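Going down the list, the protein sequences come from chains A and B.
Sequential numbering from 382 applies to the first sequence in my numbering.
Sequential numbering from 3 applies to the second sequence in my numbering.
Virtual Cβ for every residue (Gly too), placed ideally from N, Cα, C.
None of the values given here were measured: they were computed from a predicted structure.
So the structure is just underneath, and the comments pick up after that.
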Amino acid sequence: MSVVTRRLLLGAAALGALACGDIASPERTDLYEWRLFVPGVGGGTDTLSFFWGRSRLPVRIWAEDAAGLPEFAQRAIGVWESGFLYREFRGEMVSDSSTADVLIFANSAPNLTLGVHRLHSMAPECSGATDLEVSDDHTQLLVPIRIFIDPVLPEDEPATQTCLALTTVHELGHALGIFRHSPNPDDIMFADPRVEAPSPLDRGTIEAIYHYPPTLEPVRP
Amino acid sequence: MWSCLLLLAAGAHPARAQANYFVRVGAIGASKLLQDFITSPITVKQSIAPMVAFGGSLPVGISYRAGVEATVASGGFHSTENDVDTDLGTLRTGTLTAFLEGPVVERLRWHVGLGGIAYSAAEESGIFAQGGTTGFLAAGGADYRYPVHSGWDVIASARYDYHRFTTDELEARGFSHSQGVGRVSLSVGIARGLR
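See below:
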């Protein structure tokens, strides 16, 4: 065996040693409860969960042209998209509300109707609400999902602008499938959101949602 | 590596007659970039991509040559979960290696190299949300040269290279260690010089 051959074999062995071991996935324990618990159709409790399946992407989002909502909505889409590793969610703004999966209105939420589950956010400068309309048998989520964002203080104040921005992200988080509020004030999905972007806990939760089997299927009535 | 580059660029006089330059085009395939598990296994893999390789070499001793080789490849990459593929966009890779080559039999030559690889995704999102990544790379392979004209050879090359892959985004998300990635390429092209 020549010197060169011996060296080549040694090199190949070193390469083989390097090849050992794969990247190790993190333990995904950083998440909070996202499912909605409602009185069961046949008694007991029904657990409702939902995400936009790949066949429904990109999710079409329409925002009323008031209070800067289209810009806030566009930013919120980007914020949530960046939370995913594998493009599980994509959204796009649409100009025709009749084709949208999510509608964002610049006013306070109307009176609640039967079958609608409402999630409120309670920042002082602006209010937000997301209405989730579920079919009587608790198997379908009726789209479009309606979001209401209402500036409580004057729109042009910096604090209101900040509130509108983070509330839009928060409410869109509900429309994406986070059906509950986080108990942690550092999360964007805290009931009174104070941070402007999803925390690692928010990201862990939304990531989990898009990999667990949903109980609701989006249906356009 | 840089001294080789400088010598080649300057066309160092004593070696000018024996300097060799080459360019090849071909295709490259790679093993998985990533294996994840959320509720089921998720694999991220590059698609087979077109590639261009170019470089040059100078004689080292009687039978050996040393040189540099650069490759550029651009293609898609995707994730697979439960047999469902999701397009993750376009991924470009570039490599630069310093290599040594020598004869095997007649027109067949072996090739070993060491260098680096750089990844750049067209879109800074997902596993590349914090940008591309770089790593060390080891390569090996063989070249088959067929003389077609005075001073010109047709060259067919097979390469295997290996590196470890991770990104800043994966590290930020708690992925530990890195993924061993092997790549195989086949290419053909022309070379000028050698004889």
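Is there a Cβ of chain B sitting closer than 7 Å to that of residue i, yes or no?
| i | result |
| --- | --- |
| Gly357/A | Chain A is shown only over 382 to 602; residue 357/A falls outside these bounds and no answer can be derived. |
| Gly402/A | yes |
| Tyr593/A | yes |
| Arg468/A | yes |
| Ser436/A | no |
| Ala457/A | no |
| Pro407/A | yes |
In the DSSP assignment, find the beta strand (DSSP E) that holds residue i and state where it starts and stops.
| i | result |
| --- | --- |
| Trp415/A | Here Trp415/A belongs to no beta strand (DSSP E), and DSSP marks it neither H nor E. |
| Asp170/B | Taken as a continuous stretch (DSSP letters only), Asp170/B belongs to no beta strand (DSSP E), being part of the alpha helix (DSSP H) at Asp170 to Ala174. |
| His501/A | Val497 to Ser502 |
| Val107/B | Val86 to Val107 |
| Ile528/A | Gln521 to Pro532 |
| Gly585/A | Taken as a continuous stretch (DSSP letters only), Gly585/A belongs to no beta strand (DSSP E), being part of the alpha helix (DSSP H) at Pro581 to Ile590. |
| Glu381/A | The shown model of chain A, from 382 to 602, leaves out residue 381/A, and the question about it has no answer. |
| Gly421/A | Element bounds for Gly421/A: n/a, residue is neither H nor E. |
| Phe571/A | Element bounds for Phe571/A: n/a, residue is neither H nor E. |
| Glu470/A | Here residue 470/A turns out to be Phe, not Glu, going by the sequence shown. Where Phe470/A is concerned, there is no enclosing beta strand (DSSP E), given that its DSSP letter is neither H nor E. |
| Asp427/A | Thr426 to Leu429 |
Does residue i come out as helix, strand or coil in the three-state DSSP assignment?
| i | result |
| --- | --- |
| Ala510/A | strand |
| Gln20/B | helix |
| Ala457/A | helix |
| Ala74/B | Per the sequence shown, residue 74/B should be read as Val rather than Ala. Reduced to three states, the DSSP call for Val74/B is strand. |
| Thr41/B | coil |
| Ser479/A | helix |
| Phe177/B | coil |
| Pro61/B | strand |
| Pro491/A | coil |
| Gly434/A | coil |
| Ala546/A | helix |
| Phe130/B | helix |
| His562/A | coil |
| Thr82/B | strand |
| Ala448/A | coil |
| Pro52/B | strand |
| Pro535/A | coil |
| Ala540/A | helix |
| His15/B | Since pLDDT at His15/B reaches only 47, below the 50 mark, its modelled position is unreliable, and the value read off the structure follows with that caveat. The answer is helix: DSSP assigns His15/B an H, G or I state. |
| Gly137/B | strand |
| Ala120/B | strand |
| Ala32/B | strand |
| Gly464/A | coil |
| Ala556/A | helix |
For chain A, is any of its Cβ atoms less than 7 Å away from the one on residue i?
| i | result |
| --- | --- |
| Phe130/B | no |
| Phe177/B | yes |
| Met24/B | For clarity, residue 24/B is Phe in the given sequence; the question names Met instead. No, no contact with chain A. |
| Ala12/B | With a pLDDT of 44 at Ala12/B, under the threshold of 50, the predicted position of this residue should be treated as unreliable, though the coordinate-derived value follows. No, Ala12/B lies away from the interface with chain A (no Cβ there is under 7 Å from its Cβ). |
| Leu90/B | yes |
| Leu188/B | no |
| Gln37/B | yes |
Just curious, the alpha helix (DSSP H) that residue i is in, first and last residue?
| i | result |
| --- | --- |
| Asp163/B | Not the alpha helix (DSSP H): Asp163/B falls in the beta strand (DSSP E), residues Trp154 to Phe167. |
Is residue i close to the ligand NAD? I mean its beta-carbon at under 6 Å from any heavy atom of the ligand.
| i | result |
| --- | --- |
| Ser127/B | With respect to the ligand NAD, the structure offers nothing, as it holds no ligand at all. |
Please name the residue, chosen from the options, that lies closest to residue i on a Cα-to-Cα basis.
| i | options | result |
| --- | --- | --- |
| Glu408/A | Ala193/B, Ile192/B, Gly176/B and Gly182/B | Gly176/B |
| Val460/A | Arg561/A, Ile404/A and Pro581/A | Pro581/A |
| Trp154/B | Thr135/B, Val54/B and Gly191/B | Gly191/B |
| Ser76/B | Leu60/B, Gly104/B, Ala55/B and Gly184/B | Ala55/B |
| Thr45/B | Leu417/A, Ser436/A, Tyr413/A and Ala405/A | Ala405/A |
| Asp427/A | Asp537/A, Arg527/A and Asp518/A | Asp518/A |
| Val419/A | Ala444/A, Arg499/A, Glu462/A and Arg471/A | Arg499/A |
| Thr41/B | Ala144/B, Thr82/B and Thr73/B | Thr82/B |
| Val550/A | Gly472/A, Arg437/A, Ser436/A and Asp411/A | Gly472/A |
| Thr168/B | Thr135/B, Ala141/B and Val156/B | Thr135/B |
| Val2/B | Tyr148/B, Phe24/B, Gly137/B and Leu188/B | Since the first residue of chain B shown is 3 and the last is 197, residue 2/B is not available in this structure. |
| Gly509/A | Val483/A, Leu547/A, Ala540/A and Asp537/A | Leu547/A |
| Glu506/A | Pro574/A, Leu484/A, Ile569/A and Val440/A | Pro574/A |
| Arg109/B | Asp38/B, Thr88/B, Ser49/B and Ile157/B | Ile157/B |
| Asp170/B | Gly195/B, Gly143/B, Pro43/B and Gln132/B | Gln132/B |
| Gly117/B | Pro105/B, Ala140/B and Ala123/B | Ala140/B |
| Ala29/B | Arg194/B, Gly195/B, Leu188/B and Ala193/B | Leu188/B |
| Leu74/B | Arg94/B, Val62/B, Ser59/B and Pro61/B | For the record, residue 74/B in the displayed sequence is Val; it is not Leu. With distances taken between Cα atoms, Val74/B lies closest to Arg94/B. |
For a contact meaning CB atoms closer than 7 Å, what does residue i contact in chain B?
| i | result |
| --- | --- |
| Ser463/A | Ser127 and Ala131 |
Run through chain A and tell me which residues come within less than 8 Å of residue i, C-beta to C-beta.
| i | result |
| --- | --- |
| Val86/B | Arg435 |
At a CB-CB cut-off below 9 Å, which residues of chain A make contact with residue i?
| i | result |
| --- | --- |
| Thr168/B | Ile404 |
Under 9 Å Cβ-Cβ, which residues of chain B neighbour residue i?
| i | result |
| --- | --- |
| Ala589/A | Ile40 and Thr41 |
What in chain A is Cβ-close to residue i, meaning under 7 Å?
| i | result |
| --- | --- |
| Ile44/B | Tyr467 |
| Gln181/B | Asp403 and Ile404 |
| Ser81/B | Tyr467 |
Is residue i close to chain C, meaning its C-beta is less than 7 Å from at least one C-beta of that chain?
| i | result |
| --- | --- |
| Trp461/A | The structure shown has no chain C; the protein chains it does contain are A and B. |
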